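> Per my numbering, the sequence shown starts with residue 49, numbered consecutively.
Just so you know, even glycine gets a beta-carbon here, dropped at the ideal spot from N, CA and C.
All figures in this text were calculated on a predicted structure; none of them were measured in a lab.
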Amino acid sequence: MINQELINPQSIVVVGGSNNIHKPGGRIVRNLLDGKYKGELCVVNAKEDDVQGLKSYRSVNDAPETEMAIISVPRNSCPEIVEVLARHKHVRAFIIVSAGFGEESHEGELLEKKIVDTINEVGASLIGPNCIGLMNMNFHGVFTQPIPEFSLGGVDFISSSGATALFIIESALTKGLRFSSVWSVGNSAQIGVEDALEYMDRTFDPVLDSKIKMLYIEQIKEPDKLLFHASSLIRKGCRIAAIKSGSTDAGKRAAFSHTGAIASSDAAVEALFRKAGIVRCFSREELTTVACIFTLKEVKGKNCAVITQAGGPAVMLADALSKGRLNVPKLEGPVAAELKSKLYSGAAVGNPIDIIGTGTPEHLATAIDFCENRFDNIDLMMVIFGSPGLVKLYDTYEVLHKKMEECKKPIFPVLPSIVTAGPEVKSFIKKGHVNFSDEVTLGTALSRVLNTPKPMSTDIQLYGVDVPAVRRIVDHLPQSGFLSAKDVRVLLQAANIPVVDELVSNDKDELLAFAKKVKFPVVAKVVGPVHKSDIGGVALNIRSEEHLLFEIERMMRIPDVTGIMVQPMLKGTELFLGAKYENRFGHVVLCGLGGIFVEVLQDVSYGLAPLSYEETFSMIHSLKGYPIIKGTRGQNGVDEQQYADIIVRLSTLLRFASEIKEMDINPLIATDRGLYAVDSRIRIEK
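1. Using a Cβ-Cβ cut-off of 6 Å (strictly less than) and excluding sequence neighbours within five positions of V686, which residues of its own chain qualify?
2. Got a sec? Which residues, its chain only, sit under 6 Å from A302 by beta carbon, not counting five neighbours each side?
3. Quick check on the DSSP output: the beta strand (DSSP E) that includes Q615 runs from which residue to which?
4. Using the Cα positions of G201 and G83, report the straight-line distance between them to the nearest angstrom.
5. So what's M504 in DSSP terms, helix, strand or just coil?
6. Give every residue of the same chain whose Cβ lies closer than 6 Å to the Cβ of R632, excluding the five residues on either side of it in the sequence, and list them in chain order.
7. Would you call Q650 buried or exposed, if buried means 16 or more other Cβ atoms sit within 10 Å of its Cβ?
8. Quick one: residues in its chain with C-beta nearer than 7 Å to the C-beta of T506, no 5 flanking neighbours on either side, listed in chain order?
9. Can you give me the Cβ contacts of Y392 inside the same chain, cut-off strictly under 8 Å, excluding the 5 residues immediately before and after it?
10. Would G626 and L638 be called neighbours here (beta carbons separated by less than 9 Å)?
11. Work out the CA separation of V462 and I432 for me, nearest whole Å.
12. Count the CB pairs spanning the segment 492-507 and the segment 687-701 that are closer than 8 Å, and state whether there are at least three.
13. Can you tell which of A413, S389, L379 has its C-alpha closest to the C-alpha of G398?
14. What is the DSSP secondary structure of K378, reduced to helix, strand or coil?
15. Tell me the residue span of the alpha helix (DSSP H) that contains P127.
16. Determine the closest residue to G634 out of K323, S66, N68, with distance taken between C-alpha atoms.
17. Within 10 Å of its beta-carbon, does I644 have 16 or more other beta-carbons around it, so buried, or fewer, so exposed?
18. Assuming the contact rule is C-beta atoms closer than 8 Å, V139 and I163 should be a hit. Round their C-beta distance to whole Å, please.
19. Give the list of continuous beta strand (DSSP E) stretches no shorter than 3 residues that lie fully inside the segment 177-242.
20. Got a sec? Which residues, its chain only, sit under 8 Å from R123 by beta carbon, not counting five neighbours each side?
21. Can you tell me where the alpha helix (DSSP H) with R520 in it begins and where it stops?
22. Identify whether E115 lies in helix, strand or coil by the three-state DSSP scheme.
23. Quickly, what does DSSP pair T635 with across the bridge? List them, please.
24. Where N235 and E242 are concerned, what is the direct C-alpha to C-alpha distance, given to the nearest angstrom?
25. What residue from A94, R135, P436, L656 has the CA that sits closest to V317's CA?
26. Could you have a look at N68 and say whether DSSP puts it in helix, strand or coil?
27. With 16 as the cutoff for other CB atoms within 10 Å, does G520 come out buried or exposed?
28. From this set, I175, I600, P503, S207, which residue's C-alpha is nearest N554's C-alpha?
29. Under the three-state reduction of DSSP, which class applies to S389: helix, strand or coil?
30. Pull up the distance between the alpha-carbon of V566 and that of S670, whole angstroms please.
31. Can we say the segment 192-212 touches the segment 220-237, given the rule of at least three CB pairs closer than 8 Å?
32. Would you list, in sequence order, the uninterrupted alpha helix (DSSP H) runs of no fewer than 4 residues that lie entirely inside the segment 528-592?
33. Kindly indicate the opening and closing residues of the alpha helix (DSSP H) around R283.
34. Can the beta-carbon of T468 be found less than 9 Å from the beta-carbon of P501?
35. Could you give the distance in angstroms between the alpha-carbon of D535 and the alpha-carbon of M364?
36. Going by other Cβ atoms of all chains shown within 10 Å of its Cβ, with 16 needed for buried, is S666 buried or exposed?
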């Protein structure tokens with residue numbers, strides 16, 4: 049639980065505080081003093097009566113009652129200290145920076161549990177153990193440096209790792225990012241990332257609270273809680289960027305299908321973040337860059353103008369934006385010609401707008417004004433302006449400062465000369481701005497922001513799915529394992545997912561009769577082995593009875609084959625649809641193009657069941673191969689609505705059939721008559 053004593057303690061005792069500021073206890077005291085903590089502050093130190101000018105007690109038994117205790121002593125002493133403080137000194141908030149608990153050994157885990165039990169019994173809060181602490185505008189309860197600048201408009205930052213939190217803060221400070229609070233939750237023995245986010249959601253004040261959240265997560269223990277409160281905060285006007293570290297491909301070791309090979313545990317994280325509207329980042333620089341983007345005016349389009357006095361960085365930025373599916377539209381016509389006439393000879397205005405190295409502050413102002421007022425196809429501006437060391441840039445950055453205040457369109461400052469023009473950049477940042485010193489990192493980060501969808505609905509779409517039939521089928525299925533082709537077909541039909549006509553038999557005459565009924569060409573596949581193609585168990589484009597008879601006889605000699613499946617040969621675009629159950633997360637649904645796109649390129653998009661139509665269309669549109677689905681170069685496109693219908697219905701099926709642990713529909717063929725599931729596999733665990 050998180051209480052007021054943890055957020056704004058009126059009194060603090062530092063257990064293990066000392067005069068040595070190079071040790072954790074001493075640095076905690078120094079940080080509290082330097083941060084001008086306004087409450088009552090004392091220390092417990094067995095050898096000192098005075099610590100950095102504060103009253104020090106030899107034992108916690110002698111200390112006065114306080115609201116918070118920050119503990120920095122060897123781990124074995126912690127349970128007894130917590131017991132005394134919680135039960136006899138009425139401490140209701142604890143920060144334990146000491147290490148050696150559950151993260152290290154079973155013995156440490158038992159000590160940690162004893163501490164948590166005591167704290168829970170008295171209704172107190174606990175941050176840690178094994179953390180750097182907690183700091184906000186009220187107090188700096190950490191043993192580390194640097195201490196960032198805190199303000200109401202700053203960022204709330206929650207981190208699983210203390211050391212990583214410090215490196216992220218370092219990255220943020222160089223960009224001018226300010227903070228509202230920093231939470232290092234350590235072992236998350238009582239309060240984890242999800243709990244801190246829940247507190248921020250439940251107590252959110254739209255006037256006073258920060259609207260920017262940064263998360264560094266090592267383990268998502270409660271996905272539903274993270275999804276609910278992140279979505280809630282974003283709907284309230286907040287913006288969230290997060291790193292989830294520790295993603296592995298462990299799930300591939302036991303993969304039985306394309307889905308199993310692709311959908312590692314990281315896919316569940318990707319799907320969760322998409323559903324919540326969290327911007328996913330993969331490095332410290334990217335995380336802090338995204339947070340800086342959040343501090344600027346909201347971007348309302350994807351058309352970018354790049355204004356520069358150095359051609360190379362502008363080209364690299366334009367490339368990064370284009371790769372991220374943002375636009376750098378060409379500027380031409382009378383307005384562009386007028387702008388060019390106002391710049392030095394040699395300037396270019398096609399976009400990037402290059403005012404050249406000798407361009408003046410006035411030229412920069414002119415270019416910005418044209419993008420703000422004259423070019424209708426521009427939504428945002430990126431200004432790259434550095435120095436070769438020959439001139440001072442105070443006047444230029446003052447122009448940039450004023451334009452960022454005046455313009456309705458957001459302006460992203462890229463000021464790369466942090467050494468040559470260091471004083472000028474610092475002066476610019478002190479006026480409340482951020483700086484993106486690397487243009488490619490900015491372009492990549494902005495692409496992530498603009499391509500992240502809004503929070504999605506978690507309502508279940510029931511239309512078209514016969515839920516009672518789904519449950520009857522699943523309840524009467526045999527033991528765990530792969531379902532028979534017949535059971536797969538019945539289950540998909542209950543979810544109103546179209547399936548191709550087929551017959552499974554080991555009787556040659558039945559198979560030949562079926563082939564004549566559906567008309568040649570047909571496809572023959574073995575039944576029994578999982579990986580059919582690998583063993584020669586698939587024959588395509590069979591055009592005669594003789595050819596079919598030959599393939600039936602050949603396939604029946606393959607080991608472990610129990611029958612042959614015959615289907616009409618459909619022509620169209622091959623799509624892919626799959627799902628995998630992840631513990632705690634639920635079902636991750638995958639969609640994409642079939643064939644080489646899924647097998648080699650792994651061009652798939654992830655969603656967390658249940659899926660709304662909005663989320664499903666977002667998944668489809670995010671595919672690299674989406675132009676093929678849309679239709680390109682004279683080729684007919686896929687019926688997106690039917691594709692979305694099938695994906696949504698599959699996600700509903702999965703919500704009512706948690707026994708399904710892995711499934712593939714590959715291919716799902718889009719013909720001119722509609723979409724049909726051609727080859728499907730489902731594995732259940734009961």
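Looking at the coordinates:
1. T621, I677, A718
2. Summary for A302: the model assigns pLDDT 39, below 50, so the residue's position carries little reliability; its value from the coordinates is reported in the next sentence. None.
3. 611-616
4. Approximately 18 Å between the Cα atoms of the pair.
5. Coil.
6. P271
7. exposed
8. P658
9. Apart from the 5 residues on each side of it in sequence, Y392 sits with its Cβ closer than 8 Å to the Cβ of I403, I404, T406, G407, H411 in its chain, given in chain order.
10. yes
11. 5 Å
12. no
13. Looking at the Cα atoms, L379 is the closest of the given residues.
14. coil
15. 126-136
16. Among K323, S66, N68, the Cα nearest to that of G634 belongs to K323.
17. exposed
18. Rounded, the Cβ-Cβ distance is 12 Å, inconsistent with contact.
19. 181-184, 188-190, 198-207, 227-232
20. S146, A147, G148, F149, G156, L159, P177
21. That run of the alpha helix (DSSP H) goes 515-523.
22. coil
23. A quick correction: the sequence has His, not Thr, at residue 635. Bridge partners of H635: Y629.
24. Whole-angstrom Cα-Cα distance: 13 Å.
25. L656
26. If DSSP states are grouped into helix, strand and coil, N68 belongs with coil.
27. Before going on, a small fix: residue 520 reads as Arg here, not Gly. The residue in question, R520, is exposed, as its Cβ has fewer than 16 Cβ neighbours within 10 Å.
28. I600
29. helix
30. C-alpha separation (whole angstroms): 37 Å.
31. yes
32. 533-542, 556-566
33. 271-283
34. no
35. 54 Å
36. With 16 or more Cβ atoms within 10 Å of its Cβ, S666 is classed as buried.
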